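Undergrad: I have a structure I would like to understand better, so I am pasting it below and will then ask my questions one at a time.
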Amino acid sequence: MQEFTTPSITTVDENATTITALQRYRRDRPTLPLFRKRADSGQWVTVTASAFADDVDAVAKGLIAAGVNPGDRVALLSSTRFEWSLIDYAIWRAGATTVAIYETSSPDQVDWILTDSAASILIVETAANRSAHQEVIAGAPALRETLVIDDGAVNALRKRGADVPDSALDEREAGAKASDPATLIYTSGTTGRPKGVVLTHANFITECAAAAESVGNGLSEGKSTLLFLPLAHVFARVIAVGCVENGVVLGHTNDIPNLIPDLDVFKPNYVLSVPRVFEKVYNTAEQKAIDGGKGKIFAKAVETAIEYSRADEAGEVGLVLKVKHTVFDKLVYGKLRAALGGNCEGAISGGAPLGERLGHFFRGAGVPVFEGYGLSETTAAVTANNEEHSRIGSVGRPVPGVSVKIADDGEILLKGPMVFSGYWQNDQATAEAIRDGWFHTGDIGRLEDGYLFITGRKKELIVTAGGKNVSPAQLEDTIRAHPLVSQCLVVGDKKPFIAALITLDPESLPGWVERKGLSATTPLSELVQNADLRAEIDEAISNANKTVSKAEAIKKYEILETDFTIETGELTPTLKLKRNVIHESYQQAIADLYT
Numbered sequence: 038m039q040e041f042t043t044p045s046i047t048t049v050d051e052n053a054t055t056i057t058a059l060q061r062y063r064r065d066r067p068t069l070p071l072f073r074k075r076a077d078s079g080q081w082v083t084v085t086a087s088a089f090a091d092d093v094d095a096v097a098k099g100l101i102a103a104g105v106n107p108g109d110r111v112a113l114l115s116s117t118r119f120e121w122s123l124i125d126y127a128i129w130r131a132g133a134t135t136v137a138i139y140e141t142s143s144p145d146q147v148d149w150i151l152t153d154s155a156a157s158i159l160i161v162e163t164a165a166n167r168s169a170h171q172e173v174i175a176g177a178p179a180l181r182e183t184l185v186i187d188d189g190a191v192n193a194l195r196k197r198g199a200d201v202p203d204s205a206l207d208e209r210e211a212g213a214k215a216s217d218p219a220t221l222i223y224t225s226g227t228t229g230r231p232k233g234v235v236l237t238h239a240n241f242i243t244e245c246a247a248a249a250e251s252v253g254n255g256l257s258e259g260k261s262t263l264l265f266l267p268l269a270h271v272f273a274r275v276i277a278v279g280c281v282e283n284g285v286v287l288g289h290t291n292d293i294p295n296l297i298p299d300l301d302v303f304k305p306n307y308v309l310s311v312p313r314v315f316e317k318v319y320n321t322a323e324q325k326a327i328d329g330g331k332g333k334i335f336a337k338a339v340e341t342a343i344e345y346s347r348a349d350e351a352g353e354v355g356l357v358l359k360v361k362h363t364v365f366d367k368l369v370y371g372k373l374r375a376a377l378g379g380n381c382e383g384a385i386s387g388g389a390p391l392g393e394r395l396g397h398f399f400r401g402a403g404v405p406v407f408e409g410y411g412l413s414e415t416t417a418a419v420t421a422n423n424e425e426h427s428r429i430g431s432v433g434r435p436v437p438g439v440s441v442k443i444a445d446d447g448e449i450l451l452k453g454p455m456v457f458s459g460y461w462q463n464d465q466a467t468a469e470a471i472r473d474g475w476f477h478t479g480d481i482g483r484l485e486d487g488y489l490f491i492t493g494r495k496k497e498l499i500v501t502a503g504g505k506n507v508s509p510a511q512l513e514d515t516i517r518a519h520p521l522v523s524q525c526l527v528v529g530d531k532k533p534f535i536a537a538l539i540t541l542d543p544e545s546l547p548g549w550v551e552r553k554g555l556s557a558t559t560p561l562s563e564l565v566q567n568a569d570l571r572a573e574i575d576e577a578i579s580n581a582n583k584t585v586s587k588a589e590a591i592k593k594y595e596i597l598e599t600d601f602t603i604e605t606g607e608l609t610p611t612l613k614l615k616r617n618v619i620h621e622s623y624q625q626a627i628a629d630l631y632t
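Reading the sequence shown from the start, the letters are residues 38 to 632 in the numbering used here.
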């Protein structure tokens, strides 16, 4: 049985919480920049440690005035914005627990989370959010009040808490423990009811210390990052807390269509995202080059970047390759870095595998993407690549304090101080997940020299009628790298062969249609049958099939006329496939693949 451990570097005081660092900054370094906040003028303004801490106190007092007691749950449903972090810290300052809810959650999901957590107060972002969940709000048994950020919730809380003395906050802080629940994060649930993952203040503190040590330069004081992932997700949440813990300047944005202009102004040192965003950056750059008649140059630049990255990893970059790389740096790579703000030293990717090809491309282009691995139950990353130890294709070595073990059936088992101790009021699920002191992830992988490689997920394994076990991730990731492809679902459980459902990328498709001289109004029903388009998808399928054995190869596919989306419930908020939902929605299309 394979096992690898990285020694711990952190000891958490039993009275420490996520508020402790903020209090220390206010006392010792009040002018330390912690945030850059977008003002009404659109300009980014600096928020110092003392200003943030004072604002946290004011909002926390408002929560106390609203009847929030130590240990109470306060639910927060909002997109990524400065107020998310402000309210999160205020909830902790009041001694309560934040219940994180995605803004894209359905009324049924919100109903379950509010009921299961027994949240006493709900804070939503917009009046539309409140309206969408009005029936749920009215029926939530423990819910006393709903506040709306856009309707002045923060100012209202400041005013309500004006008469609450500082001593009330001091009492809450004195009674708080590192072992207290800091948050409930409900798993996005690719199957079944979401479970409430209980993460303590100690989980956050050890994770942030381990991440800073492992990632290194990216989470060091004075650096900056612009956060655009949903803060209800553990990855974004840990980055937000880690920035405060380590003095990294943090900005928030939810304006994804204007992300590139925002990056240009904010100029972050590091970008943090999920693989699909990096895939989109690559595909958009490729499509732009093709549309501009520079497709061949881009293709050569890509191959040079990959070759350079592989050679650099092996320590044998030749003179000719160096010259080629320098040329393409001016023609292509520099523009890519400029699109990320110009100051981007690297990126951190989590949530799903990035893929070896893209990993080598970005590193060769001067923006190394360090992949990590973790789950809500592990307070985000338990393994990570970094500048010192990096192996593309892997998700890195265990971060400090973590042990990784591979069970006999290939399942990844984890142990460490950032691993949760259980699900909220669900002893059965906890007992199933944590056995003999090890958290059973449900993911399949292997260890090589301490580096963890993810090869699949137990519940996603496809067993064909011939008894062949197939992990769909490798095929799906490779196909999705094609610029025309948005999503791919590999199927074939109990079937005679492997097949796939493919959706088209709505951003790349118009450019392709124009290049082919087709009418912009050509319906999708015609495009999915277009011989040239299918030839390109055939090529993507062929490339994917080269990565697996003949028995695992895709024999047949269907291009759908609609995409999988979060809104239709077919994707999680972090863009993972909800396989059971897609199988239900497209059962006829899947059946047709085998007729």
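Ideal placement from N, C-alpha and C gives every residue a C-beta, glycine not left out.
None of the values given here were measured: they were computed from a predicted structure.
State the DSSP-derived secondary structure class of Ala76, mapped to helix, strand or coil.
TA: coil
Undergrad: For the candidate residues Arg130, Ala165, Thr605, whose alpha-carbon lies nearest to that of Pro218?
TA: Arg130
Undergrad: If we ignore side chains and look at the alpha-carbon of each, how far apart do Val585 and Gly606 end up?
TA: 30 Å
Undergrad: Just the C-alpha distance for Thr227 and Val436, rounded to the nearest angstrom, thanks.
TA: Here Thr227 scores only 48 on pLDDT, less than 50, and its place in the model is too uncertain to base an answer on.
Undergrad: Taking Glu258 as the reference, give the member of Arg66, Arg400, Gly355 with the closest Cα.
TA: Arg66
Undergrad: Measure from the alpha carbon of Arg61 to the alpha carbon of each residue in Gly284, Pro294, Lys505, Ser78, then state which is nearest.
TA: For Arg61, the nearest C-alpha among the options comes from Gly284.
Undergrad: Please name the residue in Ser45, Ser78, Phe399 whose C-alpha comes closest to that of Glu316.
TA: Phe399
Undergrad: When the distance is taken between beta carbons, is Glu172 closer than 7 Å to Lys442?
TA: no
Undergrad: By how many angstroms is the C-alpha of Phe490 removed from the C-alpha of Leu484?
TA: 6 Å
Undergrad: Using a Cβ distance threshold of 8 Å, determine whether the stretch 300–317 contacts the stretch 262–279, with at least three qualifying pairs required.
TA: The answer is yes - the stretch 262–279 touches the stretch 300–317, with three or more Cβ pairs under 8 Å.
Undergrad: So Asn422 and Gly409 are supposed to be a Cβ contact under 8 Å. How far apart are they, rounded?
TA: 7 Å
Undergrad: Excluding the five sequence neighbours on either side, which residues of its own chain have a C-beta within less than 7 Å of the C-beta of Val271, listed in chain order?
TA: Within the same chain, and ignoring the five residues on either side of Val271 in sequence, the residues whose Cβ sits closer than 7 Å to its Cβ are Ile222, Ser413, Thr416, Ala417.
Undergrad: What three-state label does DSSP hand Ile56 in the structure shown?
TA: coil
Undergrad: Quick one: grab the DSSP three-state call for Ile603.
TA: Coil at Ile603, not helix or strand.
Undergrad: Pick helix, strand or coil for Lys532, following the three-state DSSP scheme.
TA: coil
Undergrad: Can you tell me where the alpha helix (DSSP H) holding Lys196 begins and where it ends?
TA: Run containing Lys196: 190–197, per the alpha helix (DSSP H) assignment.
Undergrad: Give the DSSP-derived three-state secondary structure of Arg230 in the structure shown.
TA: Of the three classes helix, strand and coil, the one that applies to Arg230 here is coil, per DSSP.
Undergrad: Would you check if there are 3 or more beta carbon pairs closer than 8 Å linking the stretch 109–126 to the stretch 156–167?
TA: Short answer: they touch.
Undergrad: Spatial neighbours of Arg313 within its chain, please: C-beta separation below 7 Å, excluding the five flanking residues on both sides.
TA: Leu612
Undergrad: For Glu244, count neighbouring C-beta atoms within 10 Å of its own C-beta (all shown protein chains included) and say buried if the count is 16 or more, exposed if not.
TA: Buried: at least 16 other Cβ atoms inside 10 Å.
Undergrad: Indicate whether Pro610 and Tyr139 have their beta-carbon atoms separated by less than 7 Å.
TA: Their beta carbons are under 7 Å apart, which means Pro610 touches Tyr139 by this criterion.
Undergrad: Do you know offhand how far Leu300's Cα is from Asp445's?
TA: 45 Å
Undergrad: Is the separation between the beta-carbon of Gly482 and that of Arg494 shorter than 7 Å?
TA: no
Undergrad: To the nearest angstrom, how far is it from the Cα of Leu564 to the Cα of Asn192?
TA: About 52 Å.
Undergrad: Just confirm the distance between the C-beta atoms of Val633 and Leu123, as a whole number of angstroms; I'd bet it's less than 8 Å.
TA: Here the chain has residues from 38 to 632 only, and residue 633 is not among them.
Undergrad: Measuring only the C-alpha atoms, how far is Leu184 from Pro202?
TA: 23 Å
Undergrad: Please name the residue or residues paired with Ile591 in a DSSP beta bridge.
TA: Ile535
Undergrad: For Asn106, count neighbouring C-beta atoms within 10 Å of its own C-beta (all shown protein chains included) and say buried if the count is 16 or more, exposed if not.
TA: exposed
Undergrad: Rank Ala351, Phe365, Gly352, Val354 by C-alpha distance to the C-alpha of Lys331 and give the top, closest one.
TA: Phe365
Undergrad: Skipping 5 residues on each side, what residues in its chain have a beta carbon closer than 8 Å to that of Ser216?
TA: Counting only residues of its own chain and dropping the five nearest sequence neighbours on each side, Ser216 has a CB closer than 8 Å to the CB of Glu51, Thr237, His238, Ala239.
Undergrad: Once the 5 residues before and after Lys557 are set aside, which same chain residues still bring their CB inside 8 Å of it?
TA: This sequence places Ala at residue 557; Lys is not what is there. These residues qualify, in order along the chain: Pro547, Val550, Glu551.
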